[in-house]
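Residue numbers (our numbering): 1 to 697.
Everything on this sheet refers to the single structure shown next.
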Ligand code: ADP
Ligand code: MG
C-alpha cells in the first residue's frame, strides 16, 4: 500500500486535529477518540497489532493450519452441505493441492459466482475442518482475464473500535504518513514539533513493511524498528512517572515530626516485638514524614511479613501531629478486616477509627462520614469509596494504599491529585506483597522510593505444599476433617477460569454443600463476592473467632486475609492459576506457629507450564523467587498485567520481552529530564499525550 499524497497543503503539524484529514467528520472524530486518537501524531503512533502477508501467493499444498495466506486456484466443486449447520462448501485446487472454502452465510449470487471452473484468489486463515484444511469465510475475488496486482507491503492490522474499520484506519494512517512526507520538503528546524528522523523511518516501516521485512521478526517484536520505538515508548512511561515525582517534590506537605510517645506506647502494647525489618522501615517512614515534602514510598513485603503494623505506626506518627491518615484497601473484606485489627490497637491509645465502604447502609455510612469530618476518627479505613464524593476529611496528612498491585498506576496518580489542597498534598505510602524484580520495579514505580520488609516474623514454620490430582479428593477431605478435629481451621478455595463472579460464587456454593454432606461434624462457612457486605463481614468475623472450622471461599480471600489459626488450605483447579495468585492465596496460611499445609488440587492432564508452575509452588515459599520464575514462565509476548505492575497498554514495548532495555531507559530518562525537558515533553506527548487516563499524571 503506497501512502497517497495529499493535495498541496500548508505544512501539517503533528498536533493538528484529525479533522485535518480527508473524510474525517465529527462522527468519526468521536469514534477515533475512543482509541485515544485525536491528532495526526496519535494516528502515527497508533501502531499495527499484527500483519497479514498478502504480498505473495501460497501454494495450496503448503498451507499450514493457523496461518493466514493468499491462495489462487480453480473451483472444482461447489455444493450446499447439510451438517450440524448448513454451509456452502467450495473445493479449490491449484497444482499443489486442494482446500475448501466454507461459507455459513451466503447468497445465491455467491453460489452462482463460485461455479466450478471459476478461478479465484482468496485470503484467509487455514483451519482443520471436516474436509481437511478449510478457509472459513475467506475474502475472495473472482479472477478475470488479468489478475489484480498483489499487495506490495505487508498489510497492517490495527486495533480498531466499533464504527472504525480496518480499511478506514489503514487509509487514515497512510494519509497521516503522507502529511509527514510532505513536511520533509520544508526547511528543517521550522517546526518545534519535528519528530526525529529515525523515529519517522521506524513509523513508516511499521505502518507498511515492504515484503523483505521479516514477518517473523515483526511477530517476535525483535525488528530494529520495533526495538527503537519500544525504547522510545518505555522512555515515555518512565519520563511521565519521573515528572510526576518531580512535580510532587515541588509541592509541600505537612511536616509530621515524631514528637510524643504514642509510637512507643503502641510498641509496648503490641503482643509481639517488632522485627528488625519493621523497625528499620518505620524509621525510614518517620524520617520521610518529618519533612515538609510529600513522602512517596513503596513498601514491598512478602505475604505475612507484617505490613499492617507498619501502616499502623505511620498512622500513629500522623496522629502525633493531630492529623488524620487514610488506609485504602482493594476489597471490602480486607478493609473490614483492617478495621477489626487496627481498632483494638489504636483505641486504647485514645485514637478513633472509621470505616467507609461502598456497600454500607446509608445511615451507617453517614455516621462514619461524620466521624471523619469532625476529626473523631484519626485513622479512616476503607475501599476506594474513601476517595469518592461525600467523604470530607478533617485534616488528611497521610494516605496509605494497601495491596497496591490491585490498583493501576493511574489510580495511584489520580488519588494523589485528589488529595491536593492549596499546593499541599498528603504523604503517600503504598504497600504491596507482589515482589517485582528490581529492574521492573524501577520502571513501574519510578515515582516512588522503595522500602523492603525482607524478614518474616519469627516462629513461622514454612508452609508445606503438596500437589494432588483431583481423583484423590476424598483423601484431601479426610485431611481437612483430621485438621479441624484437633482444633485447626482450614480454607477450601474454589476457582474458575472465567472471570465471572456469579459462576465462581455458584461453584463455591455447590462445593460448600458437597463438603457439608461429607463433613457432617464440621462447622462450614461460605464467603464469596456475591454476598452482601455485612454477611461477608459476619462470616469472616466468625472464622476469625473460631466459630467456623472450614471456610469455603472464592478468590475474594486472595489478599490480606489474616487468620493465624488457619493452617490448611486446599486450592481447587490450582493448575489454572498464575504463580503470583497462588502465592498470594497460600499466604493466608502459615501465619501462626503451627506447621501449615497447602494442597494444590489439579485436574489431569497437566500442561507443561501447569506442571512447571505447580512444581515451583511446591519447591519455594519465597515471593521473590516465585516472581522471577513467573516472569520466566510467562515468556516473551505475554505482558505482565496491570495488576502486576501498574503499567498498562504498551503499544510496541513488552515489559518482559524488552526488559533488557530498561537500564538504558532509566538512565536516559534521568538525563533527559534534567538536560532537555522540552524533548522529554515531546516524548511523553507522542506516546501518552491524548490518553485520557494520564491526564492527571
Ligand atoms: P502482610 O504483610 O501480609 O499484610 P500482616 O500485617 O497481615 O502481613 O501480618 C501477618 C501476621 O503477622 C499478623 O497476624 C500479624 O499480627 C503478625 N505479625 C506482624 N508483625 C509481627 C511480629 N513482629 N512478630 C510476630 N507476629 C507479627
Ligand atoms: Mg496485608
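Just so it is clear, CB atoms sit at the ideal spot from N, CA and C, and this is done for glycine as well.
**Asked** Quick one, are the C-beta atoms of residue 93 and residue 114 less than 7 angstroms apart?
**Response** Here residue 93 refers to the residue found at position 93 of the chain shown. Here residue 114 refers to the residue found at position 114 of the chain shown. Result no, Cβ atoms of residue 93 and residue 114 do not sit closer than 7 angstroms.
**Request:** Taking all protein chains shown into account, decide if residue 461 is buried (16 or more other Cβ within 10 angstroms of its Cβ) or exposed.
**Result:** Translated into positions along the chain shown, residue 461 becomes position 461. Flag for residue 461 reads exposed.
**Message:** Let me check you understand the geometry: is the CB of residue 457 closer than 6 angstroms to at least one non-hydrogen atom of the ligand ADP?
**Reply:** Within the chain shown, numbered from 1, the residue matching residue 457 stands at position 457. Yes, the ligand ADP has a heavy atom inside 6 angstroms of this Cβ.
**Request:** Ignore the nearest five residues each way along the sequence and tell me which others in residue 325's own chain have a CB closer than 8 angstroms to its CB.
**Result:** Position 325 of the chain shown, counted from the first residue, corresponds to residue 325. Answer for residue 325: 314, 315, 318, 319, 378, 379, 380, 396, 397, 398, 399, 400, listed in chain order.
**Request:** Taking only heavy atoms of the ligand MN into account, decide whether any of them is closer than 6 angstroms to the Cβ of residue 629.
**Result:** For the ligand MN, the structure offers nothing, since it holds only the ligand ADP and the ligand MG.
**Request:** Please go through the stretch 64-97 and give each complete beta strand (DSSP E) segment of 3 or more residues, from N-terminal end onward.
**Result:** 68-82, 86-94
**Asked** When you compare only the Cα positions, how much space is there between residue 264 and residue 690?
**Response** In the chain shown, the residue the question calls residue 264 occupies position 264. In the chain shown, the residue the question calls residue 690 occupies position 690. Straight-line Cα distance between these residues: approximately 50 angstroms.
**Message:** Quick test of your reading: residue 563 and residue 544, contact by CB under 8 angstroms. State the CB separation rounded to the nearest angstrom.
**Reply:** Your numbering for residue 563 matches position 563 in the chain shown. Your numbering for residue 544 matches position 544 in the chain shown. Residue 563 to residue 544, Cβ: 5 angstroms. Contact.
**Prompt:** What do you reckon, is the C-beta of residue 348 under 6 angstroms from a heavy atom of the ligand ADP?
**Reply:** Numbered from 1 along the chain shown, position 348 holds the residue referred to as residue 348. Not so, every heavy atom of the ligand ADP lies at least 6 angstroms from the Cβ.
**Asked** Is the beta carbon of residue 513 within less than 6 angstroms of some heavy atom of the ligand MG?
**Response** Mapped onto the chain shown, residue 513 falls at position 513. The answer is no for residue 513.
**Prompt:** Would you call residue 607 buried or exposed, if buried means 16 or more other Cβ atoms sit within 10 Å of its Cβ?
**Reply:** To locate residue 607, count along the chain shown from 1; it is residue 607. Classification of residue 607: exposed, given that the 10 Å Cβ count is below 16.
**Message:** In this structure, how does DSSP classify residue 597 when only helix, strand and coil are distinguished?
**Reply:** For the purposes of this step, residue 597 is taken as the residue at position 597 of the chain shown. In this structure, residue 597 counts as strand in the three-state DSSP scheme.
**Asked** When the Cα of residue 119 is compared with those of 297, 72, 31, which residue comes out closest?
**Response** Here residue 119 refers to the residue found at position 119 when the chain shown is read from its first residue. The option with the nearest alpha carbon to residue 119 is 72.
**Closer than 6 angstroms: residue 307 CB and nearest the ligand ADP heavy atom** = The residue you call residue 307 lines up with position 307 of the chain shown. Checking the Cβ of residue 307 against the ligand ADP gives yes.
**Prompt:** What residues are listed by DSSP as bridge partners for residue 213?
**Reply:** If you number the chain shown from 1, residue 213 lands on position 213. Answer by DSSP bridge pairing: none, since residue 213 is not bridged.
**Message:** Which residue marks the beginning of the alpha helix (DSSP H) containing residue 543, and which one marks its end?
**Reply:** Along the chain shown, read from residue 1 onward, the residue named residue 543 stands at position 543. 533-544 is the span of the alpha helix (DSSP H), which, as asked, contains residue 543.
**Message:** What would DSSP say about residue 187, mapped onto helix, strand or coil?
**Reply:** As a working note, residue 187 is residue 187 in the chain shown. Residue placement at residue 187 cannot be trusted, given a pLDDT of 49 that sits under 50; the coordinates are not used to answer.
**Prompt:** Out of 335, 342, 340, which has the shortest C-alpha to C-alpha gap to residue 356?
**Reply:** The residue you call residue 356 lines up with position 356 of the chain shown. When each option's Cα is compared against that of residue 356, the closest is 335.
**Asked** Less than 6 angstroms between the CB of residue 304 and some heavy atom of the ligand ADP, yes or no?
**Response** Stepping through the chain shown from its first residue, residue 304 is reached at position 304. Because some heavy atom of the ligand ADP lies under 6 angstroms away, the Cβ of residue 304 counts as near it: yes.
**Message:** Just to check my reading of the structure: residue 68 and residue 52 have Cβ atoms closer than 8 angstroms, yes? What is that Cβ distance to the nearest angstrom?
**Reply:** For the purposes of this step, residue 68 is identified with residue 68 of the chain shown, where counting begins at 1. For the purposes of this step, residue 52 is identified with residue 52 of the chain shown, where counting begins at 1. Residue 68 to residue 52, Cβ: 6 angstroms. Contact.
**Prompt:** What number of angstroms, rounded off, separates the C-alpha of residue 673 from the C-alpha of residue 14?
**Reply:** For the purposes of this step, residue 673 is taken as the residue at position 673 of the chain shown. For the purposes of this step, residue 14 is taken as the residue at position 14 of the chain shown. Spanning the two alpha carbons is a distance of roughly 22 angstroms.
**Request:** Can you grab the Cα-Cα spacing for the pair residue 146 / residue 504, in whole Å?
**Result:** Against the chain shown, residue 146 aligns to sequence position 146. Against the chain shown, residue 504 aligns to sequence position 504. So the alpha carbons of these two residues sit roughly 58 angstroms apart.
**Asked** Shortest alpha-carbon distance to residue 242 belongs to which of 302, 449, 165?
**Response** The sequence position of residue 242 within the chain shown is 242, counting from 1. Closest option to residue 242, Cα to Cα, is 449.
**Item:** Sequence ranges, alpha helix (DSSP H) only - wholly within the stretch 472-497, length at least 4
**Value:** 473-485
**Item:** Beta-carbon proximity list for residue 205, same chain, < 6 angstroms, skipping 5 on both sides
**Value:** Along the chain shown, read from residue 1 onward, the residue named residue 205 stands at position 205. The residues are 225.
**Asked** How long is the line joining the alpha carbons of residue 711 and residue 616, rounded to whole angstroms?
**Response** Nothing in the structure corresponds to residue 711, since the chain is present only between 1 and 697.
**Message:** In the DSSP assignment, the beta strand (DSSP E) including residue 427 goes from what residue to what residue?
**Reply:** As a position in the chain shown, residue 427 is number 427, starting the count at 1. Note, residue 427: beta strand (DSSP E), 427-432.
**Request:** Check whether the Cβ atoms of residue 585 and residue 558 sit closer than 7 angstroms, and answer yes or no.
**Result:** Mapped onto the chain shown, residue 585 falls at position 585. Mapped onto the chain shown, residue 558 falls at position 558. Result yes, Cβ atoms of residue 585 and residue 558 sit closer than 7 angstroms.
**Asked** Going along the chain, which residues of its own chain have a beta-carbon closer than 6 angstroms to the beta-carbon of residue 359, five neighbours each way excluded?
**Response** On the chain shown, residue 359 is found 359 positions in, with the first residue counted as 1. Excluding positions up to five away in sequence, the list reads 533.
**Message:** Using CA atoms only, rank isn't needed, just tell me which of 70, 74, 164, 84 is closest to residue 154.
**Reply:** As a position in the chain shown, residue 154 is number 154, starting the count at 1. The shortest Cα separation from residue 154 among 70, 74, 164, 84 belongs to 70.
**Prompt:** Measuring from the CB of residue 274, is there a heavy atom of the ligand ADP at a distance below 6 angstroms?
**Reply:** For the purposes of this step, residue 274 is taken as residue 274 along the chain shown, with counting starting at 1. Result yes, Cβ under 6 angstroms from the ligand ADP.
**Prompt:** Does the beta-carbon of residue 38 have 16 or more other beta-carbons within 10 angstroms, so that it is buried, or is it exposed?
**Reply:** Stepping through the chain shown from its first residue, residue 38 is reached at position 38. Buried, because 16 or more other Cβ atoms sit within 10 Å of the Cβ of residue 38.
**Item:** residue 485, buried or exposed, once every other Cβ within 10 Å from all chains shown has been counted against 16
**Value:** As a first step, residue 485 must be located in the chain shown, where it is residue number 485. Looking at its Cβ environment, which holds fewer than 16 other Cβ atoms inside 10 Å, residue 485 is exposed.
**Message:** If you follow the alpha helix (DSSP H) that residue 264 is in, where does it begin and where does it stop?
**Reply:** Translated into positions along the chain shown, residue 264 becomes position 264. Element bounds for residue 264: 262-269.
**Request:** Look at the Cβ atom of residue 331, then the Cβ atom of residue 342, and state whether they are nearer than 7 angstroms.
**Result:** The residue given as residue 331 occupies position 331 in the chain shown. The residue given as residue 342 occupies position 342 in the chain shown. No; because the gap between Cβ atoms is not below 7 angstroms, this pair is not in contact.
**Message:** Mapping the DSSP letters down to three states, classify residue 164 as helix, strand or coil.
**Reply:** For the purposes of this step, residue 164 is taken as residue 164 along the chain shown, with counting starting at 1. Reduced to three states, the DSSP call for residue 164 is strand.
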